[in-house]
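Counted the way mature numbering (1 follows the signal peptide of the UniProt record, and there is no 0) counts, the sequence shown spans residues -29 to -1, 1 to 363. All remarks here apply to the structure that follows.
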Amino acid sequence: MALTRMMNRTTAAALTLCAALACCAPAPAGVTVTLKARAAAVDSVVRVGDVAEVTADGPADAPAAARLRTVPLAPAPVEGNTTTLSAATVRDRALAGGFAVMLTGAKAVVLSAPRTTGGEPADNRPASPGDRAYGEKFVTAAASRALARAGVEGVRIEVALAPEAARILARHRPDGCDLSGLAPTPSVVQTVTLRWLDRLENVVTVEAAVRLDPPRLVPVLTEPIPRGAPITADHVAWRPETAVAGSGGAAAPIRLAGAVQPTAPWPSTTDFVGRLPTGEAIRDLPVGAVVESDDLRQTPLVRANQTVRVESRVGGITVSRDLKATRNGLLGQTIPMSDPDGPAYGDRTRIYARVVGNRRAVLVGEAAESPAYATTPQFDSTPHFDPAGGPR
């Protein structure tokens, strides 16, 4: 009978041990935990990552190592005091957090209050490159989701984090967050707030600086254009460059402290319509192709001997008159004009105007300052290419 009772007690103890082991996570096989002899608290709660080196043996073990680092152990000591945590205490509290670990290294760790370095609080110490990269990536993803919900896409997001904010994000590695304070305003540094719940359901808050760079719009064909056919603004849609090609040039890095940058409006497709000159395709272009300058041959908006409406603006007064072009003119070119109602050709005063549209131009040089025609016009003597007659 005594033997039977002993076997029953042994069996019950074994079952109890198995049940206890089943209730906790097994020790991460690919994670090495080395207890430090001395450590300094980073914030108000001491965690496994503060008192021990938690190293993943391979990429597959990195998630387990990251979770183990965030397991809370004890409150941080007050300034000027120290606390000693034994290896057994660290092991037991890690077990309570869901990890059965085997510790190496020191038998106990002496924990001090947040230290200062060179007279500056520990919060101002530089963050490690890994912590900073993780924090910036996390904030960028959160800002991108917030902008997508607001219907803003294709923007470039620049992020800057204070060292302590980067360390907190890297240590907690939250699954998600609530982001507030972000407005869809480009080219202005904004301070956003990120909040999430930690493993103990405490609210954790960090701030970050975010700047939104407006997208560069490019003309994309909405229909195929055969060689020799005209290309105008009616044939294109203006889309963000990142949607059809690589990202544009990088903006200057964000400064966490400095002058407030001016607000700039979001680009509108109507602002770009006039930037696409009228031209002819020099090759077959498919739908979705980005129109480059070498894809089209500009056609003259003004042709020789055509009647052109020329304007001269003086203050708030605009005077216009029909003149005759003496040569072909592309968009933006300055060409000579003649007055068909003037005296004989050899005695006519030459007028120079800049082509601004189809059979439309504005006076340039001294002629633009007076309704009277200038006898000594200011003219750019640089040769211009004339598709109909070569350089002029």
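Backbone N, C-alpha and C define an ideal beta-carbon position, used for all residues, glycine too. Just so it is clear, the structure is predicted and the values come from calculations on it, not from any experiment.
Per DSSP, what kind of secondary structure is residue i in: helix, strand or coil?
i, result
"T60", "helix"
"R138", "helix"
"A65", "helix"
"R127", "strand"
"residue 410", "The chain is shown from -29 up to 363; residue 410 falls before or after that span and cannot be answered."
"Q26", "Before going further, note that residue 26 is Thr rather than Gln in the sequence given. It is a strand residue."
"L39", "helix"
"V19", "helix"
"G101", "helix"
"R170", "coil"
"A154", "coil"
"A204", "helix"
"A114", "helix"
"G229", "Since pLDDT at G229 reaches only 31, below the 50 mark, its modelled position is unreliable, and no value is offered."
Taking the alpha carbon of residue i as the reference point, which residue from the options has its own alpha carbon closest?
i, options, result
"S151", "E178, E251 and A137", "E178"
"G106", "A136, A79, V80 and R116", "A136"
"L6", "A12, V19, R18 and A23", "A23"
"A200", "R268, R210 and V181", "R268"
"V16", "T270, P43, Q304 and R321", "P43"
"V4", "F70, T55, T53 and A11", "F70"
"L153", "A117, R166 and G147", "A117"
"A27", "L82, A131 and V2", "V2"
"V81", "P34, A8 and T156", "A8"
"L168", "P311, G147 and R18", "G147"
"V159", "V181, R170 and A11", "V181"
"V262", "T53, R144 and I196", "I196"
"A67", "A324, V19, G287 and V290", "V19"
"G300", "T75, E129, N276 and A59", "N276"
"A131", "V123, T156 and V163", "V163"
"W209", "K295, V290, G76 and G125", "G125"
What span of residues does the beta strand (DSSP E) with residue i cover, start to end?
i, result
"P185", "Careful: P185 lies outside any beta strand (DSSP E) and carries neither H nor E."
"S151", "D149 to S151"
"A31", "Looking at the DSSP string, A31 is not in any beta strand (DSSP E), and its letter there is neither H nor E."
"Y10", "The sequence given here has Ala at residue 10, not Tyr. R9 to A11 is the extent of the beta strand (DSSP E) around A10."
"A252", "G250 to A252"
DSSP puts residue i in a beta bridge; with which residues?
i, result
"Y323", "P307"
"D293", "R280"
"T53", "S83"
"E107", "None, per the DSSP bridge assignment."
"L74", "V4"
"V262", "None; V262 has no bridge partner."
"V160", "R182"
"G300", "V273"
"R198", "BP columns for R198 are empty, so no partner."
"A47", "Answer is none; A47 lacks a bridge partner."
"T193", "None, per the DSSP bridge assignment."
What first and last residue would you give for the alpha helix (DSSP H) that runs through residue i?
i, result
"R331", "Run containing R331: none in the alpha helix (DSSP H); it sits in the beta strand (DSSP E), R331 to L334."
Using 9 angstroms as the limit for Cβ to Cβ distance, is residue i near chain D?
i, result
"H143", "No chain D appears in the structure shown, which is made up of a single protein chain."
Whole-angstrom Cβ separation of residue i and residue j, contact assumed at under 8 angstroms?
i, j, result
"R40", "R142", "6 angstroms"
"V175", "I139", "7 angstroms"
"V207", "L188", "Actually they do not touch by this definition, with Cβ atoms about 10 angstroms apart."
"A84", "P134", "That belief does not hold up - the Cβ atoms of A84 and P134 are roughly 18 angstroms apart, past 8 angstroms."
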